[in-house]
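Input: a single structure, listed below in structure tokens.
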Amino acid sequence: MSLLVLSTQDVDAVISELQPNDLENLMAPVFYRLSSRSEYASPHRTSISMAQHTALFMPSRVPDLGTTIKVVSVSSVPGVGQGLPASTIVLDEVTGCVKAIMNATYLTALRTAAGSVLATRLLISKVPKTLVAFGAGKQIKAHVDLHLRAFPSFESCTIVNRTGMDGMRLYELVSSLRQSHPSIVFNTIKLDDRDRVKDAVSKADVICTATSSEEPLFPSEWVSPGTHLNLVGSFTPRMHEVSSELIHRAWKVVVDSRDACAIEAGELIAAGKATDPNANLIELGELVKEGDGGKFVPVELPKGLREPDGVTIFKSVGVGLQDVAIAHLVLSRAERTGCGTRIKYYHG
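Residue numbers for the sequence shown follow our numbering, so the first one is 3 and each next one is one higher.
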């Protein structure tokens, strides 16, 4: 049996053909399956400490899609490493052999951004024109690019860069986004320029955060009523991208997984919402249902989800079912187009 290897370039070639609608439609049934407790296997991730990284191992199986395990390395030393190197291994359901391995560094960001765009679509109460993003890595690139493509109403985007981060990386990020979205006005701000950050946050219709900050990036009072926030950076109890005050402003917080957020969502843990049965946490999969022709459509939003003076929040720590779904999509398209390198006798 052969093994198909998909490099960064191979994956990029496949996903370049994907539209925001493709990705939203891919993620809606994933979250629905998770929330409806349909058949799947997705144990909590296992971690191993290395000399300069923490390695995360995330196995998952969806019967009609396949079985995968994703391996991600997170730097534990400031300034060491480039992004979050990741690979996804895909198993053959009949033989049990590995049938493909693909670079998942950008796929991780893309599947997370797809979930955020779906949440924005379901929760936002206005036509969005102003986007503010905190961070300068692949997650922010994916979030900004996908939001701008999914919502043509956006007119401007401000990227807030934490002081001390690589200026060249920020320059390359903004240059790439400007090339892809020439009609959008882009601005950059350093996090320590508090006056400009306050002005940007107060004018934002959508805010996306993807940092490893252990302190809130901005106070709750800077966020205007009706703003929607996608929080995807924190994945440990120590990390807090926003304050408890802002979490409590959202009468109901939407999450990708209650179980995973109870362990990893620092903001929700600090605010006392992670394990409180009365905390009004709603899973994203509870906001969609299967409609005609198998297409997933929004359900009527729970009462109070959009408070007039409040905000809407989607908190994501990432779930393995998303990795299975996007790996299945990429692999099927790669096999159809002949993309990638095939090792003919890998298994003998």
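For glycine and all other residues, C-beta sits at the position ideal for the given N, C-alpha and C.
query: Can you list, in chain order, the stretches of the alpha helix (DSSP H) that have 4 or more residues and sit fully within the segment 153-196?; result: 169-182
query: In the DSSP assignment, what residue or residues form a beta bridge with residue 52?; result: For residue 52, which the question treats as bridged, DSSP gives no partner whatsoever.
query: So what does DSSP say about residue 60, is it helix, strand or coil?; result: strand
query: Using the C-alpha atoms, what's the distance from residue 293 back to residue 55?; result: 44 Å
query: Among residues of its own chain, excluding the 5 on either side of residue 37, which ones have a beta-carbon nearer than 7 Å to its beta-carbon?; result: 285, 287 and 288
query: Quick one: is the Cβ of residue 246 within less than 8 Å of any heavy atom of the ligand ATP?; result: Questions concerning the ligand ATP fall outside what the structure shown contains, since it holds no ligand whatsoever.
query: Could you pull out every residue in the same chain whose Cβ sits closer than 7 Å to the Cβ of residue 273, ignoring the five residues on either side in sequence?; result: 246, 249 and 250
query: In terms of alpha-carbon separation, which member of 146, 155, 120 and 198 lies closest to residue 176?; result: 146
query: List the endpoints of the continuous beta strand (DSSP E) containing residue 300.; result: 298-300
query: Using CA coordinates, which residue listed in 195, 211 and 158 is at the minimum distance from residue 185?; result: 158
query: For residue 230, which residues does DSSP report across the bridge?; result: 208 and 314
query: Residue 324: buried (16+ other C-beta within 10 angstroms of its C-beta) or exposed?; result: buried
query: My assumption, with CB atoms under 8 Å, is that residue 203 sits in contact with residue 220. Please give the rounded CB distance.; result: 5 Å
query: Measure the alpha-carbon distance for residue 279 versus residue 97 and round it to whole angstroms.; result: 43 Å
query: Could you tell me the alpha carbon to alpha carbon distance between residue 1 and residue 11, rounded to whole angstroms?; result: An answer regarding residue 1 cannot be provided, because it is not within the stretch 3 to 350 covered by the chain.
query: Excluding five sequence neighbours on each side, which residues of the same chain lie with their C-beta closer than 8 Å to the C-beta of residue 188?; result: 158, 159, 160, 161, 176, 179 and 180
query: When you compare only the Cα positions, how much space is there between residue 136 and residue 326?; result: 27 Å
query: Determine the direct distance from the alpha carbon of residue 199 to that of residue 33, and round the result to whole angstroms.; result: 33 Å
query: Of all the options 148, 106, 9 and 143, which has the alpha carbon lying nearest to the alpha carbon of residue 121?; result: 148
query: Would the segment 308-320 count as touching the segment 227-235 if we require 3 or more Cβ pairs under 8 Å?; result: yes
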